[in-house]
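Student: Can you keep this structure in mind? I'll have questions shortly.
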Amino acid sequence: MNNQNQDMDAIYDAKKLGPVKAGLLGFQHLFAMFGATVLVPTLTGLSVSSTLLFAGLGTLLFHLLSKGKVPAFLGSSFAFLAGYFAIAPNGERELLPYACFGVFLSGLMYVILAFFIKIGGVKRVMRYFPPIVTGPIIISIGLSLSGSAITNASSNWGIAVVAVFLVVLCNIWGKGMIKIIPILVGTFGSYLVAALSGNVDFSNVASAKWIGLPFEFQDTVFGLLSGDFDSGLLITAALTIVPLAIATMVEHIGDICAISSTCSQNFIEDPGLHRTLLGDGLATSLAALFGAPANTTYGENTGVLVLTKVYDPMVIRIAAVLAILLSFCPKFSELIKSMPQATIGGVSLILYGMISAVGVRNVVENKVNFTNSRNVIIAALILVLAIGISYTGNVEVMLGSVTVSFGGLAVASIVGIILNALLPG
Numbered sequence: 201m202n203n204q205n206q207d208m209d210a211i212y213d214a215k216k217l218g219p220v221k222a223g224l225l226g227f228q229h230l231f232a233m234f235g236a237t238v239l240v241p242t243l244t245g246l247s248v249s250s251t252l253l254f255a256g257l258g259t260l261l262f263h264l265l266s267k268g269k270v271p272a273f274l275g276s277s278f279a280f281l282a283g284y285f286a287i288a289p290n291g292e293r294e295l296l297p298y299a300c301f302g303v304f305l306s307g308l309m310y311v312i313l314a315f316f317i318k319i320g321g322v323k324r325v326m327r328y329f330p331p332i333v334t335g336p337i338i339i340s341i342g343l344s345l346s347g348s349a350i351t352n353a354s355s356n357w358g359i360a361v362v363a364v365f366l367v368v369l370c371n372i373w374g375k376g377m378i379k380i381i382p383i384l385v386g387t388f389g390s391y392l393v394a395a396l397s398g399n400v401d402f403s404n405v406a407s408a409k410w411i412g413l414p415f416e417f418q419d420t421v422f423g424l425l426s427g428d429f430d431s432g433l434l435i436t437a438a439l440t441i442v443p444l445a446i447a448t449m450v451e452h453i454g455d456i457c458a459i460s461s462t463c464s465q466n467f468i469e470d471p472g473l474h475r476t477l478l479g480d481g482l483a484t485s486l487a488a489l490f491g492a493p494a495n496t497t498y499g500e501n502t503g504v505l506v507l508t509k510v511y512d513p514m515v516i517r518i519a520a521v522l523a524i525l526l527s528f529c530p531k532f533s534e535l536i537k538s539m540p541q542a543t544i545g546g547v548s549l550i551l552y553g554m555i556s557a558v559g560v561r562n563v564v565e566n567k568v569n570f571t572n573s574r575n576v577i578i579a580a581l582i583l584v585l586a587i588g589i590s591y592t593g594n595v596e597v598m599l600g601s602v603t604v605s606f607g608g609l610a611v612a613s614i615v616g617i618i619l620n621a622l623l624p625g
């Protein structure tokens, strides 16, 4: 992962394309993030508009703290869903701020880890993440997401196939600008086909306002703490949700390794893992304070980078600014929510596969020896645990009176790290 191995076909400076084309690339990146970003608030009862606002602000904060070098977009984290459901099982509006308080504290855990990495050095951490661990983890990121892609696509395979067909057509045979905006073309084309065939309900779009505030004070942590609140529930939320940060921090390292491998640059060392963790953590805490979901470095983001080969972080910042602007338009939020699941699923089929392909490339380029039984065992357990647990449900561990839930990727990463440290060779 170094600058000498940069892809000659990749775009590292989008300014050369001009403002219009760079803007289109930013819009494409934002659209690719919409599916997962909007799904989390939909499932939990949080505001879609505030989610867009703090995904944009969080991304800009992340870029500021990481010196604008890492092409990463921050969006809603699925890892904290268990925490939200534990505190507000039915999306109760009055209970969600308690869960957000727990997420706020979780973000501060990133800051603490970033401090220790800065003091102790990143090499002490990364020695536990050699290619035999990071490669299978990256592969698992894509494969563990595949279930949601299939679920969404299967809601209407015809519409999903249109999205896949257009993305492949543009990416393989497209010329010029069309070649680097396949996701945008695939999304719009599939959405249009769905609308023309009567598979889109625009009633909520028609009734929504053009301009509105993304959040209300009563839905924020500030609103909770300014009135009468249940201190016991506040403590419960903290004890329930903060431990989830252990899993998300491990996933963060995997995501940064994936982006580094994709762009042929070592973002773990420059700008440094401590900076990316700090940016992700503060973005999460900021979002939680204002009633938005926790932020995370997205796997979908890596998929877009691989497919388009547009690695300029400026494009991500354009996407972030667009997210902020659009968060003040409730009509747009409803338009995105009305997007057919099949459209999202069709595009995701390719994006998630691309993520796994990056992991395969990581293993191949680092010449991992799979005739070595040690390496085979580590890779096998990472892959099977990550994918298997993602289908059977999270692993729950009791820590005193608190139940901590670990997703498949977190369990696989932890097992891989431990095996790599313990097995001889």
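So the sequence shown is numbered by our numbering: it starts at 201 and just counts up by one.
In this text, a Cβ means the ideal position worked out from N, Cα and C, and glycines have one as well.
The beta strand (DSSP E) spanning G275 covers which residue range?
Tutor: By 1-based counting over the sequence shown, the position of residue 275 is 75. Note, G275: beta strand (DSSP E), 274 to 276.
Student: Quick one: residues in its chain with C-beta nearer than 6 Å to the C-beta of A222, no 5 flanking neighbours on either side, listed in chain order?
Tutor: For the purposes of this step, residue 222 is taken as the residue at position 22 of the sequence shown. Contacts found: A214.
Student: To the nearest angstrom, report how far apart G616 and A579 are at their CA atoms.
Tutor: Looking up residue 616 in the sequence shown gives position 416. Looking up residue 579 in the sequence shown gives position 379. Cα to Cα, the separation comes out at about 8 Å.
Student: Give me, in chain order, the residues of the same chain whose beta-carbon lies closer than 6 Å to that of T508; leave out the 5 immediate sequence neighbours on both sides.
Tutor: As a first step, residue 508 must be located in the sequence shown, where it is residue number 308. Result list for T508: I380, in chain order.
Student: By the 10 Å Cβ neighbour count, where 16 or more other Cβ atoms means buried, how is F490 classified, buried or exposed?
Tutor: Taking the first residue of the sequence shown as 1, we reach residue 490 at position 290. The residue is buried, with at least 16 neighbouring Cβ atoms inside 10 Å.
Student: Please say whether A586 and S627 have beta carbons closer to each other than 8 Å?
Tutor: Only positions 201 to 625 of the chain appear in the structure, and residue 627 is not among them; the question remains open.
Student: So, are the CB atoms of T462 and T502 less than 8 Å apart?
Tutor: Within the sequence shown, the letter at position 262 stands for residue 462. Within the sequence shown, the letter at position 302 stands for residue 502. Contact flag set, yes.
Student: Contact defined as beta carbons within less than 8 Å: I believe E534 pairs with N399. What is the distance between those atoms, to the nearest angstrom?
Tutor: For the purposes of this step, residue 534 is taken as residue 334 along the sequence shown, with counting starting at 1. For the purposes of this step, residue 399 is taken as residue 199 along the sequence shown, with counting starting at 1. Contact doesn't hold; Cβ gap of about 16 Å is too wide.
Student: Taking the C-alpha atoms as reference points, what is the distance between A255 and L230?
Tutor: As a working mapping, residue 255 is identified with position 55 in the sequence shown. As a working mapping, residue 230 is identified with position 30 in the sequence shown. Roughly 10 Å separates the two Cα atoms.
Student: In angstroms, rounded to a whole number, what distance separates the CA positions of Y498 and G275?
Tutor: For this step, residue 498 is matched to residue 298 along the sequence shown. For this step, residue 275 is matched to residue 75 along the sequence shown. Their backbone Cα atoms lie some 6 Å apart in a straight line.
Student: Taking 8 Å as the cut-off, decide whether the C-beta atoms of Y552 and A210 are in contact.
Tutor: By one-based count along the sequence shown, residue 552 stands at place 352. By one-based count along the sequence shown, residue 210 stands at place 10. Not closer than 8 Å, so no.
Student: Under 8 Å: do the stretch 517 to 532 and the stretch 256 to 269 share three or more Cβ pairs, one atom per stretch?
Tutor: Contact holds: three or more Cβ-Cβ distances are below 8 Å.
Student: Identify the residues that DSSP records as bridge partners of T497: which are they?
Tutor: Residue mapping note: residue 497 aligns to position 297 of the sequence shown, counting from 1. Answer is L274.
Student: Please look up how many angstroms separate the CB atoms of P336 and G559, rounded, as I've assumed it's under 8 Å.
Tutor: Counting from 1 along the sequence shown, the entry for residue 336 is found at position 136. Counting from 1 along the sequence shown, the entry for residue 559 is found at position 359. Indeed, because the Cβ distance is near 7 Å, the residues count as touching under 8 Å.
Student: Answer with buried or exposed for I341, where buried requires no fewer than 16 other C-beta atoms within 10 angstroms of its C-beta.
Tutor: Here the question's residue 341 lines up with position 141 in the sequence shown. That one is buried.
Student: Apply the 10 Å Cβ neighbour rule to F417 and answer buried if 16 or more other Cβ atoms are within range, or exposed otherwise.
Tutor: Looking up residue 417 in the sequence shown gives position 217. That one is exposed.
Student: Can you find the residues in the same chain that come closer than 7 Å, C-beta to C-beta, to C529, ignoring five residues on each side of it along the sequence?
Tutor: Indexing the sequence shown from 1 puts residue 529 at position 329. These residues qualify, in order along the chain: W410, I411.
Student: The alpha helix (DSSP H) with G256 in it runs from where to where?
Tutor: What you label residue 256 is simply residue 56 of the sequence shown in a count that begins at 1. Per DSSP, G256 belongs to the alpha helix (DSSP H) from 248 to 265.
Student: DSSP has F417 in a bridge; who is on the other side?
Tutor: Walking along the sequence shown from the start, residue 417 turns up at place 217. Paired residue(s): none; F417 is not in a bridge.
Student: Here's a check: name, in chain order, each residue in its chain whose Cβ is nearer than 6 Å to the Cβ of A492, leaving out the five neighbours to either side.
Tutor: Locating residue 492 in the sequence shown gives position 292, where the first residue counts as 1. S250, T251, F254, listed in sequence order.
Student: What residue does the alpha helix (DSSP H) around W373 start on, and which one ends it?
Tutor: Reading the sequence shown from its first residue, position 173 is the one you call residue 373. Counting along the chain, the alpha helix (DSSP H) containing W373 begins and ends at 357 to 373.
Student: Within 10 Å of its beta-carbon, does Y591 have 16 or more other beta-carbons around it, so buried, or fewer, so exposed?
Tutor: Taking the first residue of the sequence shown as 1, we reach residue 591 at position 391. Exposed, by the Cβ-count rule.
Student: Determine the closest residue to L473 out of G432, G454, S485, with distance taken between C-alpha atoms.
Tutor: Sequence index remark: in the sequence shown, residue 473 carries index 273 (1-based). Ranking G432, G454, S485 by Cα distance to L473 puts G454 first.
Student: In the DSSP output, which residue or residues are listed as bridge partners for I383?
Tutor: For the purposes of this step, residue 383 is taken as the residue at position 183 of the sequence shown. I383 is not bridged to any residue.
Student: Helix, strand or coil: how does DSSP classify V661 here?
Tutor: Given that the chain is displayed from residue 201 to residue 625, the structure contains no residue 661 and the question cannot be resolved.
Student: Put F606 into one of helix, strand or coil per three-state DSSP.
Tutor: Along the sequence shown, read from residue 1 onward, the residue named residue 606 stands at position 406. F606 falls in the strand class under three-state DSSP.
Student: Rounded to whole angstroms, how far is the Cβ of L369 from the Cβ of S390, which I believe are closer than 8 Å?
Tutor: Taking the first residue of the sequence shown as position 1, residue 369 is located at position 169. Taking the first residue of the sequence shown as position 1, residue 390 is located at position 190. Going by Cβ atoms, the distance from L369 to S390 rounds to 12 Å, so no, they are not a contact pair.
Student: Is it buried or exposed for M598, if we count other Cβ within 10 angstroms and need 16 for buried?
Tutor: Looking up residue 598 in the sequence shown gives position 398. It counts as exposed.
Student: Here's the rule I'm using: 16 or more other beta-carbon atoms within 10 Å means buried, otherwise exposed. How should P624 be labelled?
Tutor: Position 424 of the sequence shown, counted from the start, is the residue given in the question as residue 624. Exposed, since its Cβ has fewer than 16 Cβ neighbours within 10 Å.
Student: Report buried or exposed for E500, applying the criterion of at least 16 other Cβ atoms within 10 angstroms of its Cβ.
Tutor: Position 300 of the sequence shown, counting from 1, holds the residue named residue 500. So E500 ends up on the buried side.
Student: Beta-carbon within less than 8 Å of I577's beta-carbon, same chain only, minus the 5 sequence neighbours each way: which residues are those?
Tutor: Your numbering for residue 577 matches position 377 in the sequence shown. Excluding residues within five positions, the ones whose Cβ falls inside 8 Å are L619, L623.
Student: What three-state label does DSSP hand M554 in the structure shown?
Tutor: For the purposes of this step, residue 554 is identified with residue 354 of the sequence shown, where counting begins at 1. In this structure, M554 counts as helix in the three-state DSSP scheme.
Student: Enumerate in chain order the residues of its own chain whose CB-to-CB distance from P287 is below 6 Å, with the five nearest sequence positions on each side excluded.
Tutor: As a working note, residue 287 is residue 87 in the sequence shown. For the record, residue 287 in the displayed sequence is Ile; it is not Pro. Correct list, in chain order: L295, Y298, A299, A437.
Student: Per DSSP, what kind of secondary structure is E596 in: helix, strand or coil?
Tutor: On the sequence shown, position 396 is the one that residue 596 refers to. It is a strand residue.
Student: Can the beta-carbon of S277 be found closer than 8 Å to that of T420?
Tutor: Taking the first residue of the sequence shown as 1, we reach residue 277 at position 77. Taking the first residue of the sequence shown as 1, we reach residue 420 at position 220. It is not a contact, given that the beta carbons lie outside the stated cut-off.
Student: For S556, collect the residues of the same chain with a Cβ closer than 6 Å to its Cβ; drop the 5 residues on either side in sequence, then sort them by chain order.
Tutor: Residue 556 sits at position 356 when you count from the first residue of the sequence shown. Only I339, G342, L343 meet the Cβ criterion.
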